[in-house]
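Chain order of the listed sequences is A and B. Numbers 1 to 317, taken from this note's numbering, label the letters of the first sequence in order. Numbers 318 to 449, taken from this note's numbering, label the letters of the second sequence in order. Cβ atoms here follow ideal geometry from the backbone N, Cα and C, with glycine treated the same way. To keep things clear, I will list the structure first and then write my remarks on it.
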Amino acid sequence: MFELDIKTGLLRGEKRAAARLITYLESESEDGIKIVKELYHLTGRSRIIGITGPPGAGKSTVTDKLAKHIRKTGKKVAIIAIDPTSPFSGGAILGDRIRMTDLSTDEGVFIRSMGTRGALGGLSKSVHGAVKVMDIMGYDYIFIETVGVGQSEIDIVKVADTVVMVMVPGLGDDIQAIKAGIMEIGDIFAVNKSDRDGAERTVTEIEMMLDLNDDDNYRPPVKNIIAINNIGIEELYKDIEDHHIYMKKTGKYEERRKKAIEEEILGIFKENLIGKVIKLQRSTDYVSVLIMEVYNKTKDTYSAAIELSDIINNKEG
Amino acid sequence: MNRPIRVLVAKPGLDGHDRGAKVVARALRDAGMEVIYTGLRQTPEQIAEAAIQEDVDCVALSVLSGAHNHLFPKIVNLLRDKGGDDILVVGGGVIPEEDIPGLKDAGIAAVFTPGTPTGIAIDFIKQNIKRA
Chain A
1 MFELDIKTGL LRGEKRAAAR LITYLESESE DGIKIVKELY HLTGRSRIIG
51 ITGPPGAGKS TVTDKLAKHI RKTGKKVAII AIDPTSPFSG GAILGDRIRM
101 TDLSTDEGVF IRSMGTRGAL GGLSKSVHGA VKVMDIMGYD YIFIETVGVG
151 QSEIDIVKVA DTVVMVMVPG LGDDIQAIKA GIMEIGDIFA VNKSDRDGAE
201 RTVTEIEMML DLNDDDNYRP PVKNIIAINN IGIEELYKDI EDHHIYMKKT
251 GKYEERRKKA IEEEILGIFK ENLIGKVIKL QRSTDYVSVL IMEVYNKTKD
301 TYSAAIELSD IINNKEG
Chain B
318 MNRPIRVLVA KPGLDGHDRG AKVVARALRD AGMEVIYTGL RQTPEQIAEA
368 AIQEDVDCVA LSVLSGAHNH LFPKIVNLLR DKGGDDILVV GGGVIPEEDI
418 PGLKDAGIAA VFTPGTPTGI AIDFIKQNIK RA
């Protein structure tokens, strides 16, 4: 497929073109980046909703039901579903679509599964690129479903406008353990599988944790839901809309988007820099000489790093 | 382009046995591929649409119900209609020898019957995908 085809296809809303462009961006192809640059002015229109929570909490099911609910209003929905890549083989089994079968053939829905490919924050490195493609395509909502998170995978807050934390009863004291980590990034809490024992207790524990927050203007709502039976989904959607209104009204929306842009620029900057080091490593023996010097204690790691950036800067200048 | 091969492992039709599909999915993962698994009882339309959205290099179909002569060619045709003619399609399951030539004529690049070592399927996919 030629570059021109992808661009026109994208503007016509063709999923095949969007899918191919996301592949290009995942492989860091210059051709792919060029297309996004040219269409960048079309981004910034989609609502970006993060769905996160521990493994098995029901993130895919919640995403599926929310998407179906939104589709009833005629709005278009894109979903990025992330699953872990094996650090050993580089392969991955991406199984989030299992819960989203009926959405596959819905004209107004686009679903893309991604492997983390080495990223550690619960997202994929290419998630920004995929979001932009879907945004350019004109999807009203973009859901990002993270990998099952533990305590420190909070990168979703750097991308999404609203973060829905999906919890389940029975984690018990684990809530205590994780409250300093991922629990801080939830704008909305949904306690899924609330037909199980302990659902009320889980809600109470989350509420108690929220009591300690110092933001008087916004308190994250905590809801019991049973996503598989569609119970509580409408209310959850309303909470998402309310959060958006609050963010817009207080200027926090703009603040969060700017923060996201900052994070993204710095991320690309770091990637580029590391790319240069790898290139240097392949083409010359500067890096291995530095390693030898540090190993022989004729130099320290701090000075070696500064020398390395000097070498890269000089090569450019 | 340096990227992992992406494969959609799909179970069209009504049989509820996905042990084989899961074994294959796991083997492909261990060979460094990104495997999208969509679960049981998928319609040909769902499979073709998922393959397009996921921009896969290969669709690997598993059928144990005997409906392969109907389902496999239908999926190949749907993929062509949607512009996915560069996607390699392979099949597996309980498929009688005499059906295999017809399936190949219909665009199924290879048919792997029970007992095939997973390494053979992996090598076939690696050697036959149509894009870089």
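When rounded, the separation of the alpha-carbon atoms in Met114/A and Asp83/A is 6 angstroms.
Per DSSP, the beta-bridge partners of Gly409/B are Ser379/B, Phe429/B.
Residue state for Leu94/A is assigned as strand, using DSSP reduced to three classes. Residue pairing by DSSP puts Asp83/A in a beta bridge opposite Gly115/A.
Annotation: the continuous beta strand (DSSP E) that includes Gly50/A extends over 47-52.
Thr162/A carries a strand assignment under DSSP once its states are collapsed to helix, strand and coil.
Between Gly330/B and Ala384/B, the beta carbon gap of about 5 angstroms places them in contact (Cβ cut-off 8 angstroms). Residue nearest to Val163/A within the set Ile111/A, Tyr253/A, Ser29/A is Tyr253/A (criterion: CA-CA distance). The contact set of Val352/B on chain A, defined by CB atoms closer than 8 angstroms, consists of Gly91, Ala92, Ile93, Leu94 in chain order.
Secondary structure at Tyr218/A: coil, using DSSP grouped into helix, strand and coil. Under the three-state reduction of DSSP, Val352/B is assigned to strand. Here Ala160/A is not near Gln370/B, since their CB atoms are 8 angstroms or more apart. Looking at the DSSP output, Pro329/B bridges to Gln359/B. Using a CB distance below 9 angstroms, the part of the segment 24-55 of chain A facing chain B consists of Tyr24, Glu26, Ser27, Glu28, Ser29, ordered along the chain. Tyr246/A carries a helical assignment under DSSP once its states are collapsed to helix, strand and coil.
The beta carbon of Arg16/A falls within 8 angstroms of a beta carbon belonging to chain B, placing the residue at that interface. Within the segment 95-107 of chain A, those residues whose Cβ lies closer than 7 angstroms to any Cβ of chain B are, in chain order, Gly95, Arg97, Ile98, Thr101, Ser104, Thr105. Ranked by Cα distance from Leu378/B, the options Gly436/B, Leu325/B, Lys447/B are led by Leu325/B. The beta carbon of Gly349/B sits closer than 8 angstroms to some beta carbon of chain A. Straight-line spacing of the CA atoms in Ala130/A and Gly198/A works out to 38 angstroms. Looking at Asn229/A, His244/A, Lys223/A, the one whose alpha-carbon comes closest to that of Glu235/A is Lys223/A.
As the crow flies, the alpha-carbon of Phe88/A is around 11 angstroms from that of Arg117/A.
When rounded, the separation of the alpha-carbon atoms in Phe269/A and Leu120/A is 18 angstroms. With respect to the C-alpha of Gly349/B, the residue from Ile93/A, Ile48/A, Val62/A, Asp140/A having the closest C-alpha is Ile93/A. Among the residues facing chain A, Thr355/B is included, as its CB has a counterpart in that chain under 8 angstroms away. Val127/A and Ala67/A do not touch by the CB rule: their CB atoms are close to 18 angstroms apart, not below 8 angstroms. For Arg448/B, the CB contacts under 7 angstroms within the same chain, skipping 5 residues up- and downstream, are Asp374, Asp403 in chain order.
In the structure shown, the three-state DSSP call for Ala78/A is strand.
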